[in-house]
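The block underneath contains the structure these notes are about, expressed in structure tokens.
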Amino acid sequence: TIFALWGCAMQTGANNVATLLVGRIIAGLAIGILSMTVPLYNTEVAPPKIRGFLVGMTQQMIGIGFIVANWVGYGCQYINSDASWRLPLGLQMAPAFLLLVGIQFLPNSPRWLLEVGRDDEAKEVVYQLHGTTPQARDAADVEFKEMSETIKAEVFVRSRKLSDLWATRAMLRRTLVAVGVQVFGQFSGINVINYFGPEMYAGLGITGGQALLVQGIYGAVGPIANIFFITLILDRVGRKKPLMFGAASFVVTFSILAAIVASFPPPPVELAGQVPVNQAAQRYA
Numbered sequence: 002t003i004f005a006l007w008g009c010a011m012q013t014g015a016n017n018v019a020t021l022l023v024g025r026i027i028a029g030l031a032i033g034i035l036s037m038t039v040p041l042y043n044t045e046v047a048p049p050k051i052r053g054f055l056v057g058m059t060q061q062m063i064g065i066g067f068i069v070a071n072w073v074g075y076g077c078q079y080i081n082s083d084a085s086w087r088l089p090l091g092l093q094m095a096p097a098f099l100l101l102v103g104i105q106f107l108p109n110s111p112r113w114l115l116e117v118g119r120d121d122e123a124k125e126v127v128y129q130l131h132g133t134t135p136q137a138r139d140a141a142d143v144e145f146k147e148m149s150e151t152i153k154a155e156v157f158v159r160s161r162k163l164s165d166l167w168a169t170r171a172m173l174r175r176t177l178v179a180v181g182v183q184v185f186g187q188f189s190g191i192n193v194i195n196y197f198g199p200e201m202y203a204g205l206g207i208t209g210g211q212a213l214l215v216q217g218i219y220g221a222v223g224p225i226a227n228i229f230f231i232t233l234i235l236d237r238v239g240r241k242k243p244l245m246f247g248a249a250s251f252v253v254t255f256s257i258l259a260a261i262v263a264s265f266p267p268p269p270v271e272l273a274g275q276v277p278v279n280q281a282a283q284r285y286a
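Laid out in structure tokens, this is it:
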């Protein structure tokens, strides 16, 4: 979080492109670390019945961040000074600061406490997470016992060698599945549209404020659909079926997109010496 604040501050006060890029890299590294640790923390402290929902909220909050960023950018286009881009960058520091303060009030992960031998603290955290009623204490005792047994069992099979990820056929399969889901999720191109949507819309003749408006509407669709999904569906149908449905939907929609682009190629649009937008989009597709 400190690195996120540092990177955002550098971007906001940048007087040249180099400073802006360095700030973006620092902030990007910070977000990468948070994107890795937040879902793990949620998994380790969430009750089993709503674990899927709470972990899904991580992606939901990212989507809400995109909504805020899109509409802040849309509104700031009307500022006739360098504040039109400094203000959106500077506003990133507000949630980062709130996170830095809020983290101080969060308990340590009980699994981590058990792993480092702080069993009494781990038990207190589990009690704290479950509540103070007798029924809650009983449930906390059961969960703590299961957690302790799991940690002890993991000690005998744990390895710190990277090669163990592919040492056996079973581990190789697990590794490929875990990495493949992440890689192919990114290969869907979601971040291309999130970051370069206005430039891509220019290839369709949508420019200026209209492009930012379309980007804002597009950015709101996913998080709205996601909140209904993680609230009403995810913990009822499991994880595999939604993955299969999503992958099949990608195949269908990208096939339609490829057919449309091949049948009706848009004319190239030059943007200040850049590669024509429609050509870049077609190369990506």
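If you count the sequence shown from 1, you need to add 1 to reach the working numbering. The beta carbon of each residue, even a glycine, is placed where N, CA and C say it ideally should be.
Exercise for the section: Tell whether a beta-carbon distance below 7 Å holds between V295 and T59. Expected result: The structure shown does not extend to residue 295, since the chain spans only 2 to 286, so no value can be given for it.
Exercise. Start and end of the alpha helix (DSSP H) containing N43?
Worked result: That run of the alpha helix (DSSP H) goes 18-46.
query: Can L90 and T20 be called in contact, C-beta distance under 7 Å?
result: Going by C-beta atoms, L90 is not nearer than 7 Å to T20.
Roughly how many angstroms separate the alpha carbons of G186 and G24, rounded to a whole number? Answer to the nearest angstrom: the Cα atoms are 27 Å apart.
inquiry  = I'd like the span of the alpha helix (DSSP H) that includes I231, first residue to last.
reply    = Segment 209-233, the alpha helix (DSSP H) holding I231.
- [ ] Under the assumption that I80 contacts L88 (Cβ atoms under 8 Å), give the Cβ distance between them as a whole number of angstroms.
- [x] Contact holds; Cβ gap of about 7 Å.
**Message:** Could you tell me the alpha carbon to alpha carbon distance between M201 and N17, rounded to whole angstroms?
**Reply:** The straight-line gap separating the alpha-carbon atoms of M201 and N17 is approximately 26 Å.
**Prompt:** What distance in whole Å lies between the Cβ atoms of T2 and A31, which are believed to be in contact at a cut-off of 8 Å?
**Reply:** The beta carbons of A31 and T2 sit about 7 Å from each other, so the pair counts as a contact at 8 Å.
- Task: Using a Cβ-Cβ cut-off of 7 Å, state whether G8 counts as contacting chain D.
- Result: The chain labelled as chain D is not found in the depicted structure, where only one protein chain is given.
Taking three-plus beta-carbon pairs below 8 Å as touching, is the region 170-187 in contact with the region 145-152?
-> No, because fewer than three Cβ pairs between the region 170-187 and the region 145-152 fall closer than 8 Å, the two stretches do not touch.
Tell me the residue span of the alpha helix (DSSP H) that contains A260.
A260 -> alpha helix (DSSP H) spans 241-264.
*Could you check what DSSP says for T13 in three-state terms: helix, strand or coil?*
Helix at T13.
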